[in-house]
Amino acid sequence: MLNIAVVGCGYWGPNHVRNFNNLTDCAVTRVCDLDSKRLAHITKLYGTITPTNDYDELLADSSVDAVVISTPVSLHYSMAKKALKSGKHVLIEKPMTKTSAEAIELIELARKKNLKLMVGHTFIYNPVVSKIKEIIADGALGDILYISSRRLNLGLFQSDINVAWDLAPHDISIILHLMEKYPESVNCQGKGNIREDIEDITNMTLNFDGRGFATIQSSWLDPNKVREMTIVGSRRMLVYNDMESMEKIKIFDKRVENPPYYDTFADFHFSYHYGDVYAPYVKQIETLQIQCQHFIDCILKDHDPQSSGLHGLQVVRILEAATASLRNGGAKVDLAEERMLAAVGA
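Here our numbering = 1-based position in the sequence shown + 14.
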(Lines of atoms letter the chains of each structure in order from A; the text may use other names.)
(Lines give C-alpha, C1' and ligand atoms only; values in the text may rest on other atoms or scores of the structure.)
Protein backbone atom coordinates (compact mmCIF):
# COMPACT_ATOMS: atom_id res chain seq x y z
CA MET A 15 0.00 0.00 0.00
CA LEU A 16 1.29 3.42 -0.99
CA ASN A 17 0.34 6.45 1.08
CA ILE A 18 -0.62 9.47 -1.02
CA ALA A 19 -0.81 13.13 0.01
CA VAL A 20 -2.90 15.54 -2.09
CA VAL A 21 -1.90 19.20 -2.00
CA GLY A 22 -4.64 21.60 -3.11
CA CYS A 23 -8.28 20.84 -2.26
CA GLY A 24 -9.97 23.33 -4.54
CA TYR A 25 -11.32 22.50 -8.01
CA TRP A 26 -9.35 19.41 -9.08
CA GLY A 27 -7.71 18.11 -5.90
CA PRO A 28 -10.86 16.43 -4.50
CA ASN A 29 -11.12 14.39 -7.71
CA HIS A 30 -7.62 13.06 -7.06
CA VAL A 31 -8.59 12.17 -3.48
CA ARG A 32 -11.67 10.26 -4.67
CA ASN A 33 -9.89 8.35 -7.44
CA PHE A 34 -6.82 7.36 -5.44
CA ASN A 35 -9.03 6.19 -2.59
CA ASN A 36 -10.95 3.97 -5.01
CA LEU A 37 -7.79 2.08 -5.93
CA THR A 38 -6.79 -1.08 -4.07
CA ASP A 39 -3.03 -0.53 -3.77
CA CYS A 40 -2.93 2.97 -2.27
CA ALA A 41 -4.74 5.34 0.06
CA VAL A 42 -4.86 9.10 0.52
CA THR A 43 -3.67 9.65 4.08
CA ARG A 44 -2.88 13.39 4.05
CA VAL A 45 -4.34 16.53 2.42
CA CYS A 46 -2.96 20.05 2.50
CA ASP A 47 -4.60 23.38 1.74
CA LEU A 48 -4.51 26.94 3.12
CA ASP A 49 -8.32 27.01 3.20
CA SER A 50 -9.47 25.39 6.44
CA LYS A 51 -13.04 25.10 5.14
CA ARG A 52 -11.88 23.00 2.19
CA LEU A 53 -9.86 20.79 4.53
CA ALA A 54 -12.87 20.34 6.79
CA HIS A 55 -15.00 19.35 3.81
CA ILE A 56 -12.52 16.70 2.64
CA THR A 57 -11.99 15.24 6.11
CA LYS A 58 -15.77 15.06 6.59
CA LEU A 59 -16.04 12.98 3.42
CA TYR A 60 -13.03 10.81 4.24
CA GLY A 61 -12.63 10.40 7.98
CA THR A 62 -9.27 8.62 7.79
CA ILE A 63 -7.44 11.54 6.13
CA THR A 64 -5.23 13.82 8.23
CA PRO A 65 -5.44 17.49 7.15
CA THR A 66 -2.81 20.20 7.45
CA ASN A 67 -2.20 23.81 6.46
CA ASP A 68 1.57 23.29 6.66
CA TYR A 69 3.20 21.85 3.54
CA ASP A 70 6.58 21.42 5.23
CA GLU A 71 4.96 19.44 8.03
CA LEU A 72 3.33 17.15 5.45
CA LEU A 73 6.66 16.54 3.70
CA ALA A 74 8.27 15.68 7.04
CA ASP A 75 5.80 12.78 7.41
CA SER A 76 7.89 9.71 6.57
CA SER A 77 4.77 7.59 5.98
CA VAL A 78 3.88 9.61 2.85
CA ASP A 79 5.25 7.94 -0.29
CA ALA A 80 3.98 10.28 -3.00
CA VAL A 81 2.63 13.81 -3.34
CA VAL A 82 -0.02 14.99 -5.80
CA ILE A 83 0.29 18.71 -6.50
CA SER A 84 -2.99 20.29 -7.59
CA THR A 85 -2.29 23.98 -6.97
CA PRO A 86 -1.95 27.13 -9.12
CA VAL A 87 0.81 26.89 -11.73
CA SER A 88 2.95 29.46 -9.95
CA LEU A 89 3.43 27.00 -7.06
CA HIS A 90 4.16 23.87 -9.10
CA TYR A 91 7.93 24.21 -9.34
CA SER A 92 8.66 25.14 -5.73
CA MET A 93 6.32 22.52 -4.27
CA ALA A 94 7.50 19.73 -6.58
CA LYS A 95 11.13 20.58 -5.86
CA LYS A 96 10.54 20.38 -2.10
CA ALA A 97 8.67 17.09 -2.44
CA LEU A 98 11.41 15.48 -4.56
CA LYS A 99 14.09 16.68 -2.14
CA SER A 100 12.06 15.06 0.65
CA GLY A 101 12.16 11.72 -1.18
CA LYS A 102 8.55 11.71 -2.38
CA HIS A 103 7.33 10.63 -5.81
CA VAL A 104 5.44 13.48 -7.50
CA LEU A 105 2.37 13.76 -9.71
CA ILE A 106 2.04 17.38 -10.75
CA GLU A 107 -0.90 18.94 -12.58
CA LYS A 108 -0.55 20.58 -15.98
CA PRO A 109 1.18 22.69 -17.05
CA MET A 110 4.21 21.22 -15.30
CA THR A 111 5.98 24.52 -14.61
CA LYS A 112 6.02 28.13 -15.80
CA THR A 113 9.38 27.78 -17.58
CA SER A 114 11.29 25.02 -19.34
CA ALA A 115 14.33 25.74 -17.11
CA GLU A 116 12.22 24.86 -14.05
CA ALA A 117 10.94 21.69 -15.75
CA ILE A 118 14.48 20.59 -16.63
CA GLU A 119 15.59 21.11 -13.02
CA LEU A 120 12.74 18.93 -11.73
CA ILE A 121 13.51 16.18 -14.26
CA GLU A 122 17.16 16.12 -13.25
CA LEU A 123 16.30 16.12 -9.54
CA ALA A 124 13.84 13.23 -9.91
CA ARG A 125 16.44 11.26 -11.87
CA LYS A 126 19.11 11.95 -9.24
CA LYS A 127 16.76 10.85 -6.43
CA ASN A 128 15.47 7.84 -8.44
CA LEU A 129 11.89 9.08 -8.00
CA LYS A 130 8.91 9.12 -10.34
CA LEU A 131 7.93 12.50 -11.76
CA MET A 132 4.66 12.45 -13.66
CA VAL A 133 2.58 15.26 -15.18
CA GLY A 134 -1.22 15.24 -15.18
CA HIS A 135 -1.81 15.32 -18.93
CA THR A 136 -5.01 13.39 -18.33
CA PHE A 137 -6.23 13.12 -21.91
CA ILE A 138 -3.44 10.84 -23.10
CA TYR A 139 -4.94 8.23 -20.74
CA ASN A 140 -8.43 8.79 -22.13
CA PRO A 141 -9.85 5.60 -23.75
CA VAL A 142 -11.25 7.72 -26.60
CA VAL A 143 -7.83 9.23 -27.36
CA SER A 144 -6.31 5.74 -27.12
CA LYS A 145 -8.86 4.55 -29.69
CA ILE A 146 -8.00 7.45 -32.00
CA LYS A 147 -4.31 6.59 -31.72
CA GLU A 148 -5.14 2.99 -32.62
CA ILE A 149 -7.16 4.13 -35.65
CA ILE A 150 -4.27 6.32 -36.85
CA ALA A 151 -1.73 3.52 -36.30
CA ASP A 152 -3.88 1.12 -38.33
CA GLY A 153 -3.70 3.53 -41.27
CA ALA A 154 -7.47 3.99 -41.45
CA LEU A 155 -7.10 7.76 -41.89
CA GLY A 156 -4.06 7.62 -44.16
CA ASP A 157 -1.38 10.28 -43.78
CA ILE A 158 -2.36 12.96 -41.26
CA LEU A 159 -2.67 16.25 -43.13
CA TYR A 160 -3.78 18.50 -40.28
CA ILE A 161 -5.44 18.59 -36.88
CA SER A 162 -7.82 21.34 -35.76
CA SER A 163 -8.72 21.62 -32.08
CA ARG A 164 -11.20 23.89 -30.29
CA ARG A 165 -11.45 24.15 -26.50
CA LEU A 166 -13.86 26.95 -25.62
CA ASN A 167 -16.06 27.94 -22.68
CA LEU A 168 -17.17 30.92 -20.58
CA GLY A 169 -14.48 31.13 -17.85
CA LEU A 170 -12.91 30.00 -15.58
CA PHE A 171 -10.70 33.09 -15.75
CA GLN A 172 -7.23 32.67 -14.23
CA SER A 173 -5.17 35.45 -12.67
CA ASP A 174 -1.65 34.02 -13.10
CA ILE A 175 -1.76 32.46 -16.60
CA ASN A 176 -3.49 33.19 -19.91
CA VAL A 177 -5.98 30.93 -21.67
CA ALA A 178 -3.28 29.23 -23.76
CA TRP A 179 -1.44 28.07 -20.62
CA ASP A 180 -4.75 27.04 -19.02
CA LEU A 181 -6.54 25.15 -21.80
CA ALA A 182 -4.08 24.44 -24.62
CA PRO A 183 -1.92 21.94 -22.64
CA HIS A 184 -4.73 19.41 -23.07
CA ASP A 185 -4.74 19.79 -26.84
CA ILE A 186 -0.96 20.01 -27.16
CA SER A 187 -0.48 16.81 -25.17
CA ILE A 188 -3.09 14.98 -27.28
CA ILE A 189 -1.54 16.18 -30.55
CA LEU A 190 1.99 15.18 -29.48
CA HIS A 191 0.64 11.80 -28.38
CA LEU A 192 -1.11 11.20 -31.71
CA MET A 193 1.55 12.62 -34.02
CA GLU A 194 4.44 10.96 -32.14
CA LYS A 195 6.73 13.81 -33.13
CA TYR A 196 7.58 17.30 -31.98
CA PRO A 197 6.68 20.47 -33.93
CA GLU A 198 9.38 22.50 -35.63
CA SER A 199 7.82 25.89 -34.89
CA VAL A 200 4.88 27.68 -33.27
CA ASN A 201 2.76 30.71 -34.17
CA CYS A 202 0.26 32.24 -31.75
CA GLN A 203 -2.06 35.24 -31.73
CA GLY A 204 -4.50 36.33 -29.07
CA LYS A 205 -6.13 39.14 -27.16
CA GLY A 206 -7.10 40.04 -23.62
CA ASN A 207 -10.66 41.32 -23.70
CA ILE A 208 -11.45 41.30 -19.97
CA ARG A 209 -7.90 42.04 -18.81
CA GLU A 210 -5.54 43.50 -21.37
CA ASP A 211 -2.50 41.80 -19.82
CA ILE A 212 -3.99 38.27 -19.83
CA GLU A 213 -5.18 36.81 -23.14
CA ASP A 214 -8.62 35.19 -22.86
CA ILE A 215 -8.66 33.97 -26.47
CA THR A 216 -5.73 32.57 -28.46
CA ASN A 217 -5.15 30.83 -31.79
CA MET A 218 -2.03 28.66 -31.89
CA THR A 219 -0.43 26.88 -34.83
CA LEU A 220 2.00 23.97 -34.55
CA ASN A 221 4.09 23.33 -37.65
CA PHE A 222 5.51 19.82 -38.08
CA ASP A 223 7.99 18.61 -40.64
CA GLY A 224 6.48 17.27 -43.84
CA ARG A 225 2.70 17.65 -44.13
CA GLY A 226 1.81 17.79 -40.44
CA PHE A 227 0.01 20.91 -39.22
CA ALA A 228 -2.19 21.64 -36.20
CA THR A 229 -4.26 24.57 -34.98
CA ILE A 230 -5.52 25.11 -31.44
CA GLN A 231 -8.21 27.64 -30.54
CA SER A 232 -8.58 28.36 -26.81
CA SER A 233 -11.12 30.70 -25.23
CA TRP A 234 -12.56 31.68 -21.85
CA LEU A 235 -14.99 33.97 -23.64
CA ASP A 236 -17.39 31.76 -25.57
CA PRO A 237 -21.12 31.19 -24.94
CA ASN A 238 -20.83 27.42 -25.45
CA LYS A 239 -18.57 24.78 -23.99
CA VAL A 240 -16.75 23.20 -26.93
CA ARG A 241 -14.30 20.29 -26.75
CA GLU A 242 -13.74 19.24 -30.34
CA MET A 243 -10.80 17.95 -32.39
CA THR A 244 -10.88 17.27 -36.14
CA ILE A 245 -8.21 15.06 -37.67
CA VAL A 246 -8.00 15.16 -41.48
CA GLY A 247 -6.19 12.32 -43.19
CA SER A 248 -5.45 11.56 -46.82
CA ARG A 249 -8.01 8.71 -46.79
CA ARG A 250 -10.59 9.58 -44.13
CA MET A 251 -11.47 12.27 -41.60
CA LEU A 252 -12.21 11.91 -37.87
CA VAL A 253 -14.06 14.19 -35.45
CA TYR A 254 -13.60 13.77 -31.70
CA ASN A 255 -16.32 15.58 -29.73
CA ASP A 256 -15.77 15.14 -26.01
CA MET A 257 -19.11 16.78 -25.24
CA GLU A 258 -20.99 13.86 -26.81
CA SER A 259 -22.24 11.35 -24.26
CA MET A 260 -21.85 8.23 -26.43
CA GLU A 261 -20.58 8.78 -29.98
CA LYS A 262 -17.45 10.75 -29.12
CA ILE A 263 -15.66 9.60 -32.29
CA LYS A 264 -17.06 9.83 -35.81
CA ILE A 265 -15.09 8.71 -38.86
CA PHE A 266 -16.05 10.26 -42.17
CA ASP A 267 -15.16 8.37 -45.34
CA LYS A 268 -14.45 11.62 -47.18
CA ARG A 269 -11.43 12.88 -49.08
CA VAL A 270 -10.22 14.96 -51.99
CA GLU A 271 -8.15 13.31 -54.70
CA ASN A 272 -5.97 14.75 -57.43
CA PRO A 273 -6.54 13.30 -60.91
CA PRO A 274 -3.68 10.94 -61.87
CA TYR A 275 -3.02 12.82 -65.13
CA TYR A 276 -4.58 15.34 -67.47
CA ASP A 277 -3.73 16.85 -70.87
CA THR A 278 -4.99 20.40 -70.46
CA PHE A 279 -6.03 22.66 -67.59
CA ALA A 280 -9.63 22.34 -68.82
CA ASP A 281 -9.47 18.60 -68.12
CA PHE A 282 -8.29 19.15 -64.53
CA HIS A 283 -10.91 18.43 -61.86
CA PHE A 284 -10.49 17.41 -58.26
CA SER A 285 -12.26 14.20 -57.30
CA TYR A 286 -14.39 14.42 -54.15
CA HIS A 287 -15.15 11.15 -52.41
CA TYR A 288 -18.19 10.90 -50.11
CA GLY A 289 -18.77 7.71 -48.14
CA ASP A 290 -20.29 6.49 -44.90
CA VAL A 291 -19.98 7.88 -41.39
CA TYR A 292 -18.92 5.41 -38.72
CA ALA A 293 -18.94 5.82 -34.92
CA PRO A 294 -16.78 3.17 -33.18
CA TYR A 295 -17.81 2.10 -29.70
CA VAL A 296 -15.50 3.07 -26.83
CA LYS A 297 -16.16 1.88 -23.29
CA GLN A 298 -16.42 4.86 -20.96
CA ILE A 299 -14.04 4.80 -17.98
CA GLU A 300 -13.14 7.82 -15.86
CA THR A 301 -9.84 8.98 -17.33
CA LEU A 302 -8.47 10.34 -14.05
CA GLN A 303 -8.87 6.88 -12.51
CA ILE A 304 -6.70 5.42 -15.29
CA GLN A 305 -4.10 8.16 -14.76
CA CYS A 306 -4.02 7.61 -10.99
CA GLN A 307 -3.60 3.86 -11.41
CA HIS A 308 -0.80 4.44 -13.93
CA PHE A 309 1.04 6.63 -11.41
CA ILE A 310 0.79 3.92 -8.74
CA ASP A 311 1.89 1.21 -11.18
CA CYS A 312 4.91 3.25 -12.25
CA ILE A 313 6.03 3.54 -8.62
CA LEU A 314 5.40 -0.10 -7.68
CA LYS A 315 6.77 -1.62 -10.91
CA ASP A 316 9.49 0.98 -11.56
CA HIS A 317 8.11 2.03 -14.97
CA ASP A 318 8.54 5.38 -16.67
CA PRO A 319 5.26 7.33 -16.75
CA GLN A 320 3.64 7.84 -20.12
CA SER A 321 3.25 11.53 -19.26
CA SER A 322 6.75 11.83 -17.81
CA GLY A 323 8.61 14.97 -16.88
CA LEU A 324 10.03 15.04 -20.41
CA HIS A 325 6.50 15.07 -21.86
CA GLY A 326 5.63 17.90 -19.49
CA LEU A 327 8.76 19.77 -20.57
CA GLN A 328 7.80 19.46 -24.24
CA VAL A 329 4.40 21.02 -23.56
CA VAL A 330 5.92 23.84 -21.49
CA ARG A 331 8.47 24.58 -24.22
CA ILE A 332 5.66 24.90 -26.79
CA LEU A 333 3.76 27.23 -24.45
CA GLU A 334 6.88 29.34 -23.96
CA ALA A 335 7.32 29.61 -27.73
CA ALA A 336 3.63 30.47 -28.12
CA THR A 337 4.03 33.26 -25.55
CA ALA A 338 7.06 34.63 -27.43
CA SER A 339 5.01 34.57 -30.63
CA LEU A 340 2.13 36.36 -28.90
CA ARG A 341 4.47 39.13 -27.78
CA ASN A 342 5.77 39.48 -31.34
CA GLY A 343 2.48 39.77 -33.21
CA GLY A 344 2.14 36.10 -34.06
CA ALA A 345 5.58 35.67 -35.64
CA LYS A 346 6.92 32.14 -36.06
CA VAL A 347 9.10 30.89 -33.20
CA ASP A 348 11.37 27.92 -33.88
CA LEU A 349 11.53 25.07 -31.38
CA ALA A 350 14.99 23.74 -30.68
CA GLU A 351 14.05 20.20 -29.65
CA GLU A 352 17.59 18.87 -29.91
CA ARG A 353 18.94 21.39 -27.42
CA MET A 354 15.97 20.78 -25.12
CA LEU A 355 16.43 17.01 -25.13
CA ALA A 356 20.18 17.32 -24.67
CA ALA A 357 19.55 19.46 -21.59
CA VAL A 358 17.81 16.54 -19.89
CA GLY A 359 20.07 13.84 -21.29
CA ALA A 360 17.33 12.24 -23.40
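Glycine included, each C-beta is placed from N, C-alpha and C at the ideal position.
Cβ distance (whole Å) where residue i is taken to contact residue j below 8 angstroms
i    : j    : result
T72  : T66  : Checking the sequence shown, residue 72 turns out to be Leu, not Thr. That pair is a contact at about 5 angstroms.
I146 : L252 : 7 angstroms
M132 : L98  : Actually they do not touch by this definition, with Cβ atoms about 12 angstroms apart.
K102 : I313 : Contact doesn't hold; Cβ gap of about 10 angstroms is too wide.
T43  : T64  : 6 angstroms
K264 : V296 : K264 to V296, Cβ: 12 angstroms. No contact.
G204 : T219 : About 12 angstroms; that fails the 8 angstroms criterion.
S114 : R331 : 5 angstroms
Y69  : M93  : 7 angstroms
Residue closest to residue i, alpha-carbon to alpha-carbon, out of the options
i    : options                : result
E119 : G323, L16, N255        : G323
F137 : A117, L327, M243       : M243
R250 : T113, V42, G289        : G289
S259 : D236, L235, A293       : A293
I150 : E194, I215, I83, H103  : E194
V240 : D152, L314, L168, M93  : L168
V329 : G153, V143, Q298, E116 : E116
S173 : M15, K127, E210, V133  : E210
A154 : K315, R269, M15, R32   : R269
A336 : Y196, A178, I265, H184 : A178
A338 : G326, C202, Y60        : C202
G134 : K126, D152, T111, A124 : T111
E300 : V142, L59, Y91, R331   : V142
P183 : D318, H325, M257, S92  : H325
D223 : P319, Y196, R331       : Y196
D75  : V45, A54, H55, R331    : V45
K127 : D267, S144, K96        : K96
L190 : R52, F171, L327        : L327
L123 : D70, D185, I215, Y91   : Y91
S144 : Q298, G206, D180       : Q298
D256 : D185, G343, F171, D157 : D185
S187 : T113, F171, Q320, K315 : Q320
I212 : T219, F171, N238       : F171
T62  : Y69, K51, N35          : N35
D180 : D214, D152, N207, G206 : D214
R125 : H317, E334, L333       : H317
L333 : E261, P109, Y60, K51   : P109
Cβ-based neighbour list, residue i, same chain, cut-off 7 angstroms, excluding 5 preceding and 5 following
i    : result
L37  : C306, Q307, I310
S199 : N221, K346, V347, D348, L349
W48  : Just to set this straight, residue 48 is Leu in the shown sequence, not Trp. Once the five neighbours on either side are set aside, the close Cβ partners of L48 are N67.
S84  : V20, V21, G22, W26, G27, H30, E107
I175 : V87
E352 : Bear in mind that the predicted position of E352 carries a pLDDT of just 49, short of 50, making it too unreliable to give a figure here.
L192 : I146, K147, I150
I121 : L131, G323, L324, L327, V358
Chain B contact for residue i (CB, 8 angstroms cutoff)
i    : result
R164 : The chain inventory of the structure shown lacks chain B, comprising one protein chain alone.
Nonlocal neighbours in the same chain, by C-beta distance under 6 angstroms from residue i, ignoring five residues either side
i    : result
N33  : L302, Q303, C306
R225 : L159
Y139 : T301, I304, Q305
L166 : S233, D236, V240
A356 : Confidence in A356 is poor, its pLDDT being 49 and thus under 50, which makes the residue's placement too unreliable to answer from.
Q156 : Residue identity differs from the one stated: residue 156 is Gly in this sequence, not Gln. Cβ neighbours of G156 beyond the five flanking positions: G247, S248, R249.
G24  : none
H245 : According to the sequence as given, residue 245 is Ile; it is not His. For I245, where only same-chain residues beyond five positions count, the Cβ hits under 6 angstroms are I161, L252.
G343 : none
S100 : L73
F266 : M251, V291
R52  : C23
Other residues of its chain near residue i: CB distance less than 8 angstroms, five sequence neighbours each side excluded
i    : result
M15  : D39, C40, A41
T207 : Looking at the sequence provided, one finds Asn at residue 207 rather than Thr. D214, I215, L235, listed in sequence order.
K262 : V142, Y254, N255, D256, V296
- Query: What are the uninterrupted segments assigned as alpha helix (DSSP H) that are 4 or more residues long and contained completely in the stretch 19-107, given in chain order?
  - Reply: DSSP runs (the alpha helix (DSSP H)) wholly in the stretch 19-107: 27-35, 50-59, 69-73, 87-99.
- Between the stretch 17-25 and the stretch 75-92, are three or more C-beta pairs nearer than 8 angstroms? With the cut-off at 8 angstroms, the stretch 17-25 and the stretch 75-92 touch.
- Task: Evaluate contact between the stretch 153-169 and the stretch 214-232, counting only Cβ atoms and requiring at least three cross-stretch pairs below 8 angstroms.
- Result: They touch, by the three-pair rule.
- Message: Could you tell me which whole beta strand (DSSP E) segments of length 3 or greater appear in the stretch 160-216?
- Response: Correct list: 199-205.
- Ordered list of alpha helix (DSSP H) runs contained in the stretch 284-328, each at least 4 residues: Those alpha helix (DSSP H) runs which fall completely within the stretch 284-328 and span 4+ residues are 301-315.
- Query: Which ranges does the beta strand (DSSP E) cover as unbroken runs of at least 3 residues, wholly within the stretch 219-262, from first to last along the chain?
  - Reply: Listed in chain order, the beta strand (DSSP E) runs fully inside the stretch 219-262 are 227-233, 235-247, 251-255, counting runs of at least 3 residues.
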